[in-house]
Amino acid sequence: KAGVTQTPRYLIKTRGQQVTLSCSPISGHRSVSWYQQTPGQGLQFLFEYFSETQRNKGNFPGRFSGRQFSNSRSEMNVSTLELGDSALYLCASSRGQGDGYTFGSGTRLTVV
Amino acid sequence: QQQVKQSPQSLIVQKGGISIINCAYENTAFDYFPWYQQFPGKGPALLIAIRPDVSEKKEGRFTISFNKSAKQFSLHIMDSQPGDSATYFCAARGAGANNLFFGTGTRLTVIP
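Those protein sequences? They're chains U and Y, same order as listed.
Take the first sequence: its position 32, counting from 1, is numbered 37 in this note's numbering, and each next residue is one higher.
Take the second sequence: its position 109, counting from 1, is numbered 95 in this note's numbering, and each next residue is one higher.
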């Protein structure tokens, strides 16, 4: 059974640019959540999508946005990149509320 | 404010020894407490999880002990092996929610 797939694995962007990250959940999983992982702040929740609707949002600025498609695949977008956005961005999928997560290997974003 | 506090930050254990990682929380609305294991370059992987109606849960060499009145829970790794060397995160989730609040992580090193 295929796991959660995140692409690309690595990205280098310049300050002020925007970036789009992609996540393909496990087949049958309808919930996709995104987390940011940094050495200083640890793992922080960005947002969750279920059936193409944002169900929950963490405490991040509006530059961080996401969406989910009808096949449950999800994208997150960060606009006007700042140096502090450098992080590992993790996507996790689950069948629905109350089920355990399966995380992908993440996208390592470096902003220079 | 850190919703889940984790200690120690790092831990060195001899092969065959017991590794113990502790977490504490304040929010009594939390009703699901998972532990994740993360290797370098990988996303966190669910190890074991517990709900507050149970005081202990064991899966193989991994045991969660849960103290509801003290609002604390801990992970015990029995017969620790070098392959257990990884970063461990505790987490908590509120009832009716799907997002996790993570501890800051414990880097475990098991020396042969």
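We put the CB at the ideal spot given by N, CA and C, even for glycine.
With 16 as the cutoff for other CB atoms within 10 Å, does Y:VAL40 come out buried or exposed? By one-based count along the second sequence, residue 40 of chain Y stands at place 54. With fewer than 16 other Cβ atoms within 10 Å, it is exposed.
For U:SER29, collect the residues of the same chain with a Cβ closer than 6 angstroms to its Cβ; drop the 5 residues on either side in sequence, then sort them by chain order. Counted from its first residue, the first sequence places residue 29 of chain U at position 24. These residues qualify, in order along the chain: THR10 and ARG78.
Rounded to whole angstroms, how far is the Cβ of U:LEU48 from the Cβ of U:TYR40, which I believe are closer than 8 angstroms? Taking the first residue of the first sequence as 1, we reach residue 48 of chain U at position 43. Taking the first residue of the first sequence as 1, we reach residue 40 of chain U at position 35. The beta-carbon separation of U:LEU48 and U:TYR40, rounded to 5 angstroms, stays under the 8 angstroms limit for a contact.
Establish whether the CB of Y:LEU32 and some CB of chain U are separated by less than 7 angstroms. Taking the second sequence and counting its residues from 1, the one referred to as residue 32 of chain Y is at position 46. At a cut-off of 7 angstroms between C-beta atoms, Y:LEU32 counts as an interface residue with respect to chain U.
Could you say if the segment 77 to 87 of chain Y and the segment 57 to 64 of chain U meet the contact criterion of at least three C-beta pairs nearer than 8 angstroms? The segment 57 to 64 of chain U and the segment 77 to 87 of chain Y touch, with three or more beta-carbon pairs separated by less than 8 angstroms.
Once the 5 residues before and after Y:GLY3 are set aside, which same chain residues still bring their CB inside 7 angstroms of it? Locating residue 3 of chain Y in the second sequence gives position 17, where the first residue counts as 1. Cβ within range, chain order: SER66.
With a threshold of 16 other CB atoms inside 10 Å of the CB of U:SER32, please say whether the residue is buried or exposed. The residue labelled residue 32 of chain U in the question sits at position 27 within the first sequence. Counting Cβ neighbours within 10 Å, U:SER32 comes out exposed, since fewer than 16 surround it.
For the beta strand (DSSP E) containing Y:GLN(-12), name the first residue and the last one. Mapped onto the second sequence, residue -12 of chain Y falls at position 2. Where Y:GLN(-12) is concerned, there is no enclosing beta strand (DSSP E), because DSSP gives it neither an H nor an E.
Give a yes or no on whether the C-beta atoms belonging to Y:LYS57 and Y:TYR11 are separated by under 7 angstroms. Taking the second sequence and counting its residues from 1, the one referred to as residue 57 of chain Y is at position 71. Taking the second sequence and counting its residues from 1, the one referred to as residue 11 of chain Y is at position 25. Yes. Within cutoff.
Which runs of the beta strand (DSSP E) fall wholly inside the segment 28 to 92 of chain Y and span at least 3 residues, in chain order? Look at the segment 28 to 92 of chain Y and you find these whole runs of beta strand (DSSP E), each 3 residues long or longer: 31 to 36, 42 to 45, 48 to 53, 58 to 63, 72 to 80 and 86 to 88.
Where does U:ASP104 sit, in a helix, a strand or coil, going by DSSP? Along the first sequence, one-based indexing puts residue 104 of chain U at 99. If DSSP states are grouped into helix, strand and coil, U:ASP104 belongs with coil.
Sequence-distant residues of its chain with Cβ nearer than 6 angstroms to Y:LYS43 (five each side left out): Taking the first residue of the second sequence as position 1, residue 43 of chain Y is located at position 57. Take Y:LYS43, set aside five residues on each side of it, and the residues of its chain with a beta-carbon closer than 6 angstroms to its own are ILE36 and ILE50, in chain order.
Going by beta carbon distance, what residues of the same chain come within less than 6 angstroms of U:ARG100, once the five residues before and after it are set aside? The sequence position of residue 100 of chain U within the first sequence is 95, counting from 1. The residues are HIS34.
Which partner residues does Y:PRO20 have in the DSSP bridge list? Here residue 20 of chain Y refers to the residue found at position 34 of the second sequence. Per the DSSP secondary-structure output, Y:PRO20 pairs in a beta bridge with Y:ALA35.
From the DSSP output, in three-state form, read off U:LEU86 for me. Locating residue 86 of chain U in the first sequence gives position 81, where the first residue counts as 1. Shown here, U:LEU86 sits in coil according to DSSP, grouped into three states, outside any helix or strand.
For the segment 8 to 34 of chain Y, enumerate the residues whose C-beta is nearer than 9 angstroms to any C-beta of chain U, in chain order. Cβ contacts with chain U come from TYR18, PRO20, TYR22, GLN24, GLY27, LYS28, GLY29, PRO30, ALA31 and LEU32.
Please report the straight-line C-alpha distance between U:ASP90 and Y:TYR74, rounded to a whole angstrom. Looking up residue 90 of chain U in the first sequence gives position 85. Looking up residue 74 of chain Y in the second sequence gives position 88. A straight line joining the alpha-carbon of U:ASP90 with that of Y:TYR74 spans about 23 angstroms.
N-terminal and C-terminal residue of the beta strand (DSSP E) that U:ALA92 is part of: Position 87 of the first sequence holds residue 92 of chain U. 92 to 99 is the span of the beta strand (DSSP E), which, as asked, contains U:ALA92.
Short CB-CB distance (under 7 angstroms) between Y:PHE48 and chain U: Mapped onto the second sequence, residue 48 of chain Y falls at position 62. Not one chain U Cβ lies under 7 angstroms of Y:PHE48.
How about Y:THR90: is its C-beta nearer than 7 angstroms to some C-beta of chain U? Residue 90 of chain Y sits at position 104 when you count from the first residue of the second sequence. Any Cβ of chain U closer than 7 angstroms to the Cβ of Y:THR90 would place that residue at the interface, and such an atom is present.
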